[in-house]
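K.L.:
Order-wise, the sequence lines are chains A and B.
For the first sequence, the positions run 265 to 427 when this note's numbering is used.
For the second sequence, the positions run 140 to 575 when this note's numbering is used.
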Amino acid sequence: MTNPLYHDIILEHYEFPRNKGTCTCPDATSRGANAMCGDDLLVSLRLDGAAGHVEEVCWDGHACAIGEASASMMTEAVSGQDRAGARRWVHAVRDLVTGRQDTPAGGPELGDLESLEGIRQYPVRIKCALLAWEALDEALTLAERARATVPAPATEPALESRG
Amino acid sequence: MAVIDAVGATRHPEAPLDVASIRRDFPILNETINGHPLVYLDNAATSQKPRQVIQALVDYYEHTNANVHRSGHTLGVRASEAYERSRTLLAAFIGAAESAEVVFTRNTTEALNLVAYAWAGRHLKAGDEILVTQMEHHSNLVPWQQVAEANGAKLRFVPITPTHRFDLAAYAGLLNPRVKLVALPQVSNMLGTIAPVAEVSRLAHEVGAVVVVDGAQGAPHMPVDVQALGCDFYALSSHKMLGPTGVGALWGRRALLDAMPPFLTGGSMIGEVQWTHSTWAPLPQKFEAGTPNIADVVAFGAAVEYLDALGMDRVRAHEVELTRYALETLRRDHPELTLYGPNDPTARAGVISFNLKNGAVHPHDIAQLLDEEGIAVRAGHHCARPLHGVLNTTASARASFYVYNTPEEVDALSHGIGVVKRVFKRVLDRPAESGA
Chain A
265 MTNPLYHDII LEHYEFPRNK GTCTCPDATS RGANAMCGDD LLVSLRLDGA AGHVEEVCWD
325 GHACAIGEAS ASMMTEAVSG QDRAGARRWV HAVRDLVTGR QDTPAGGPEL GDLESLEGIR
385 QYPVRIKCAL LAWEALDEAL TLAERARATV PAPATEPALE SRG
Chain B
140 MAVIDAVGAT RHPEAPLDVA SIRRDFPILN ETINGHPLVY LDNAATSQKP RQVIQALVDY
200 YEHTNANVHR SGHTLGVRAS EAYERSRTLL AAFIGAAESA EVVFTRNTTE ALNLVAYAWA
260 GRHLKAGDEI LVTQMEHHSN LVPWQQVAEA NGAKLRFVPI TPTHRFDLAA YAGLLNPRVK
320 LVALPQVSNM LGTIAPVAEV SRLAHEVGAV VVVDGAQGAP HMPVDVQALG CDFYALSSHK
380 MLGPTGVGAL WGRRALLDAM PPFLTGGSMI GEVQWTHSTW APLPQKFEAG TPNIADVVAF
440 GAAVEYLDAL GMDRVRAHEV ELTRYALETL RRDHPELTLY GPNDPTARAG VISFNLKNGA
500 VHPHDIAQLL DEEGIAVRAG HHCARPLHGV LNTTASARAS FYVYNTPEEV DALSHGIGVV
560 KRVFKRVLDR PAESGA
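(1) Can you pull the DSSP bridge partners for Arg-409 (chain A)?
(2) Quick check: the region 340-351 of chain B against the region 306-323 of chain B, are there 3 or more CB pairs under 8 Å?
(3) Taking Cβ positions only, does Glu-381 (chain A) come closer than 8 Å to chain B?
(4) Answer yes or no: does any C-beta atom of chain A fall closer than 8 Å to that of Arg-226 (chain B)?
(5) Where does Cys-322 (chain A) fall in DSSP's three states?
(6) In chain order, what residues of the region 544-565 of chain B put their CB closer than 8 Å to some CB of chain A?
(7) What did DSSP end up calling Lys-496 (chain B) once you bin it into helix, strand or coil?
(8) Say whether chain B places a C-beta atom closer than 8 Å to the C-beta of Asn-283 (chain A).
(9) Against chain A, does Gly-331 (chain B) count as a neighbour if the rule is that its beta carbon must be under 8 Å from one of theirs?
(10) Here's the rule: buried if 16 or more other CB atoms are within 10 angstroms of the residue's CB, otherwise exposed. What is His-503 (chain B)?
(11) In the region 518-531 of chain B, which residues sit with their C-beta less than 8 Å from some C-beta in chain A, listed in chain order?
(12) Over the uninterrupted alpha helix (DSSP H) stretch that includes Lys-560 (chain B), give me the two end residues.
(13) Residue ranges of each alpha helix (DSSP H) run of no fewer than 4 residues wholly in the region 401-480 of chain B, ordered along the chain?
(14) I want to see whether chain A comes within less than 8 Å of Ala-394 (chain B), judged by CB atoms only; does it?
(15) Which residue or residues does DSSP assign as beta-bridge partners of Ala-292 (chain A)?
(16) Going along chain B, which residues have a C-beta under 7 Å from Pro-329 (chain A)?
(17) Got a sec: is the Cβ-Cβ distance from His-326 (chain A) to anything in chain B below 8 Å?
(18) According to DSSP, is Arg-569 (chain B) part of a helix, a strand, or is it coil?
(19) Considering only residues of the same chain and omitting the five flanking positions on each side of Ala-536 (chain B), which have a CB-CB separation below 6 Å?
(20) Does the count of Cβ pairs from the region 294-307 of chain B and the region 447-460 of chain B closer than 8 Å reach three?
(21) For the alpha helix (DSSP H) holding Ala-265 (chain B), just list the boundary residues, first then last.
(22) For Lys-379 (chain B), which three-state DSSP category applies?
(23) Are the beta-carbon atoms of Asn-182 (chain B) and Phe-540 (chain B) separated by less than 8 Å?
(24) Could you check the C-alpha separation between Gln-194 (chain B) and Ser-294 (chain A) for me, to the nearest Å?
(25) Ordered along the chain, which non-local residues of its own chain (more than five positions away) have a Cβ less than 6 Å from that of Arg-217 (chain B)?
(26) Buried or exposed, going by whether 16 or more other CB atoms sit within 10 Å of the CB of Asp-289 (chain A)?
(27) Applying the criterion that 16 or more other CB atoms from any shown protein chain within 10 Å of the CB defines a buried residue, is Arg-304 (chain B) buried or exposed?
(28) Find the residues of chain B that neighbour Met-300 (chain A), judging by a C-beta separation of less than 7 Å, and give them in chain order.
(29) What does Phe-305 (chain B) pair with, by DSSP beta-bridge criteria?
(30) Once you ignore the five residues that flank Asp-304 (chain A) on each side, which residues in its own chain have a CB closer than 7 Å to its CB?
(31) With H, G and I counted as helix, E and B as strand and the rest as coil, what does DSSP make of Ser-535 (chain B)?
(32) Find the residues of chain A that neighbour Ala-534 (chain B), judging by a C-beta separation of less than 7 Å, and give them in chain order.
(33) Using 8 Å for Cβ pairs, my map puts Ala-380 (chain B) next to Ala-523 (chain B). What's the rounded Cβ distance?
(34) Is His-355 (chain A) helix, strand or coil when you go by DSSP?
(35) Using a Cβ cut-off of 9 Å, which residues of the region 386-416 of chain A contact any Cβ in chain B, in chain order?
(36) Between the Cα of Gln-366 (chain B) and those of B:Trp-390, B:Ser-377, B:Asp-157, B:Tyr-199, spot the shortest distance and give me the residue it belongs to.
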C-alpha cells in the first residue's frame, strides 16, 4: 500500500537522487536551510551563454525524503528551461504544495512533481518540500544579477544596432 | 486549595507509581490522533498537564485574580498569597535554603540569561574562561557565547565520553584558576545523560568557579536537592514538569543573588525611586520586574504538589524501568537503530534519541510516520546542534517519557518504527554507500 505522503515516486527519487552534487563553474549557488531541524541544501546553477537557459542545475546536502526528492525532481524539471520558465516552475510547485493558486494559468505540466501534492495536508512539511525551490529562486536572482554586471551577449538587439 | 488526594499515588514510598490512576488525571491522553489513541512521547519538549493544574488555572481566574504585591484589597492579598505559596512549594521541592532564593522567570532560558547578564556579565574579564559541555541545549550555550564575546572571555568545552557520559577526567583537566564559570545540564535533553553535578561543583569550587545548572530536564524527572548538588545556580521550567507554559525559575545562593544587580528593571522590583536614581527591592522581587505571570505561577504550584504527592523517587524509578524496557525492546526489534546515550538506564533519564540505519531514513520522516500511528516524538536537532555534530549526524528522532507513559506505549513505538521500516524498505534494503 502506498502511503499518502511517501509516494513511490518520492521514495524512488530519495533512493536514487538526480543531479546530486555541485555543477561545474556555477553562475550562482544558494543555500536552503531549515534552522529548526538542521536540514541544509545547496543549489548550484549554470546558465548557458546566450539565452540564459538553465544549462546545469545541481543540489547537494542533507534533508528528509520530502526535501531531497523535491530537490531531485526540481533539477530534472528546470534543466533546459529559460529563466522565465524555471520561475514558472517555482511558482507552480509553490502553489501545488501550499494549495494556493497564485500563478496565472498556463503553468508547466507537473509530472512526477504531482507526487508532492499530499504535502498540503501537512503544514509543517511544506517548508521541506520547498527548501530546494526557494534556493533555486534565489540562485536565479543571483545569476541574473551577475549577468547584469557583465557585457550583454551579442545576440541582444542593442549590440546588433551597433554593427 | 488544590485537592491532591485524587493523585494516582499510594503513600508507600517503595510502591511503584499507579500509572493507570495517573493517566486518568490527564484529559489529553484521551485524544485520538489519526485514528489511534495518543501515545505522547515528546515529554522532553513539554509535558502534559493534569486536571489538578488545569483546575488551578480556572480557580485562580474565577476566585482569586488580582495583581500581586501592590493591591491591598481582599483579592490582591489572596493573589499574593497564592503566588508566594508556589514559591514556597518550589523552594521546598528543590531544597532551597529559603524561598527568597527562588526567582520566577518566563522559562529556563530567561533564568540562564539572568545569570549571564547579572552575574557573568559583571564578573568575567578578558582571559577568564567559561566551561560548558558538549551536551548543551542552545539555552545553556548561546548566553555564555554572548558573555564571552562581550567580555573577552574564552569558552571551552567539556567533552562526552565514547559511551556518551560526562567526561569527568577531561573536565578535571580543563579546570584552572582562569575558569570563573562552569555551566552544564543536569540531564542532556538529547542523550538523557545525567551529569555528576555534585562532583562537578566540588571541583569547580576548588578553583573558585561558579556552577550554573540547566535543570530543565532534571527537576521534572528526579529528586533535586540543590544543597546536595552543590551548585550555585539552578534553572528550570514549569511546562516540562506538569505545569503551565510561561513560567520558569532560577534558584541561586543568596550571597550571589544579593550581590547581583537587577536583570530587568521597572515596576515591582524597586525599593525607592527618585527622578535620577533608584534602589532595589530585596530578594526575590529584585529580579521580578513588572507584573509576573501570576496565574501560571499559581498553577505551577499545583504541579509541584502533584509531583510531590507522587514522590520524585518513585517518578525516577518508574522512568528508569520504562527506559530499561524501551532500550531492550528497541534493540531486540530493530537492530538497525542507532540509540544515543549511555546503555545503563540508571545513568540516564527517560530520553531516547535514535536514528535508523545511520540516518538512511531522516528523523523527520520517522516522526511523520509515527504521528500517523498516533505517536508523538520529536525530530530534528532538539536545540542541541553542536552535540549532533559531535555524534556525526545532523538530526535524530527522540522519544521521551514521563509519569503517565506505559510499557504498552513503548510497544506502540516499536510497532511504529516497524511501519517506518516498511514504508522505507527500498531505502533500508540498499547496501550502505561508502562515504555517504
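Don't be surprised by glycine CBs; every beta carbon is placed ideally from N, CA and C.
Since this is a predicted model, take the numbers as computed values, not measurements.
P.N.:
Inspection of the coordinates gives the following:
(1) Arg-409 (chain A) pairs with nothing; no bridge assigned.
(2) The region 340-351 of chain B is in contact with the region 306-323 of chain B.
(3) Glu-381 (chain A) does not count as touching chain B.
(4) no
(5) strand
(6) Val-562, Phe-563, Arg-565
(7) Three-state result, Lys-496 (chain B): coil.
(8) no
(9) no
(10) buried
(11) Ala-518, Gly-519, His-520, Arg-524, His-527
(12) 546-562
(13) 433-449, 451-472
(14) Not closer than 8 Å to any Cβ of chain A, the Cβ of Ala-394 (chain B) fails to qualify, so no.
(15) A:Leu-309
(16) The amino acid at residue 329 (chain A) is misidentified as Pro; the sequence shows Ala. Correct list: His-501, Asp-504.
(17) yes
(18) Under the three-state reduction of DSSP, Arg-569 (chain B) is assigned to coil, being neither helix nor strand.
(19) Counting only Cβ-Cβ distances below 6 Å, and skipping sequence neighbours, we find Phe-493, Pro-502, Ile-505, Ala-506, Val-516, Ala-518.
(20) The region 294-307 of chain B vs the region 447-460 of chain B: no contact.
(21) Premise fails: Ala-265 (chain B) is in no alpha helix (DSSP H) and is neither H nor E.
(22) helix
(23) yes
(24) Using only the alpha carbons, I get a separation of about 51 Å.
(25) So the qualifying residues of the chain are Thr-203.
(26) Position check: residue 289 (chain A) holds Cys in this sequence, whereas Asp was assumed. Answer is exposed; the Cβ neighbour count stays below 16.
(27) Buried.
(28) Gly-519
(29) B:Ile-299
(30) Arg-295, Ala-297, Gly-325, His-326
(31) strand
(32) At a beta-carbon threshold of 7 Å, the residues of chain A lying near Ala-534 (chain B) are Cys-301, Gly-302, ordered along the chain.
(33) With the sequence shown as reference, residue 380 (chain B) is identified as Met, and Ala is not the correct amino acid for it. Actually they do not touch by this definition, with Cβ atoms about 20 Å apart.
(34) Of the three classes helix, strand and coil, the one that applies to His-355 (chain A) here is helix, per DSSP.
(35) Tyr-386, Val-388, Arg-389, Cys-392
(36) B:Trp-390
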